[in-house]
Structures are given as C-alpha cells and as structure tokens.
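Asker:
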Amino acid sequence: MTIAVRTLDDGAWISVNDSRQVSVSDVWTLSHGVFCECEPAYVLLEGFFGVDVSGSIVVADTVGRCLECGTQDSIDRLPVGRIVDGEFKPYGPEGVQSIVEPNPQPE
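With full-length UniProt numbering, the residue at position 45 of the sequence shown is 45, and numbering never jumps.
#1: Using the Cβ count rule (16 or more neighbours within 10 Å means buried), how would you classify residue 2?
#2: Hey, how far is the Cα of residue 38 from the Cα of residue 45?
#3: DSSP three-state call for residue 67: helix, strand or coil?
#4: Cα separation between residue 50 and residue 28?
#5: How many whole angstroms separate the CB atoms of residue 59 and residue 78, which I take to be in contact at a CB cut-off of 8 Å?
#6: Return the Cβ separation of residue 26 and residue 93 in integer angstroms, given the expectation that the two are a contact with Cβ distance under 8 Å.
#7: Using 9 Å as the threshold, is the C-beta distance between residue 83 and residue 61 below it?
#8: For residue 42, which residues does DSSP report across the bridge?
#9: Excluding the five sequence neighbours on either side, which residues of its own chain have a C-beta within less than 7 Å of the C-beta of residue 66, listed in chain order?
#10: My guess is that residue 16 and residue 88 are in contact by the Cβ rule of under 8 Å, so how many angstroms apart are they, rounded?
Set out below in structure tokens:
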C-alpha cells in the first residue's frame, strides 16, 4: 500500500494521505545530544522542510529551538509517527525521541 506524505502550508504541517496530521506548534522532547546538550531537550518545532517514510516510520526534517538553552538548528529524520495496517499513528511530542538513521544504500 502506498502512503502519500508531504509538507503543507509552508512547512507548518505534515500531511499523510491528504490529511493534516503533525503540526509545528508542539514542543518535542528529544534525547541528549540529538539536538543540543540539554537532557532532555525541549524543542519547539518551527517548520518542516522534508518528510519521508523509513520502513513503517514517518520521519521529518525540521527546524526547531530548544526552550532551555536557546539553540536553534535543523533536525534530520525526526520520527513523528508510524504506519500500522495502512493507517498513520502519530507519536506524541511528549515521548522522548531520537533520530532515525538512514538505511544504508546497497552497493
């Protein structure tokens, strides 16, 4: 089954199968070292600039700001949800997240 994912509204939303699912208005909890040295880092997402599906996990490329130390940077491959039986199941931003490493390309 094909899942359509894309960004909408100048990066304010992630759309899954033409339905707005994930917004930049949430504060995400990231594990130590993923974004900054805060443990954990509470990061306000400011915009999505890419979205992809890695296996069954929906990952986003985004920009955010740590509410503790003020670091502003990009985050590559932040898991925002997963596909289960063809349905999108979002991860809650309050759960501690890490990034998803890309699958190695076959040689």
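Quick reminder that beta carbons are idealized off the backbone N, C-alpha and C, glycines included.
Answerer: Put simply:
#1: exposed
#2: The C-alpha of residue 38 lies about 16 Å from the C-alpha of residue 45.
#3: It is coil, neither helix nor strand.
#4: 17 Å
#5: 6 Å
#6: 4 Å
#7: no
#8: 29
#9: 35, 36, 38, 41, 42, 43
#10: 4 Å
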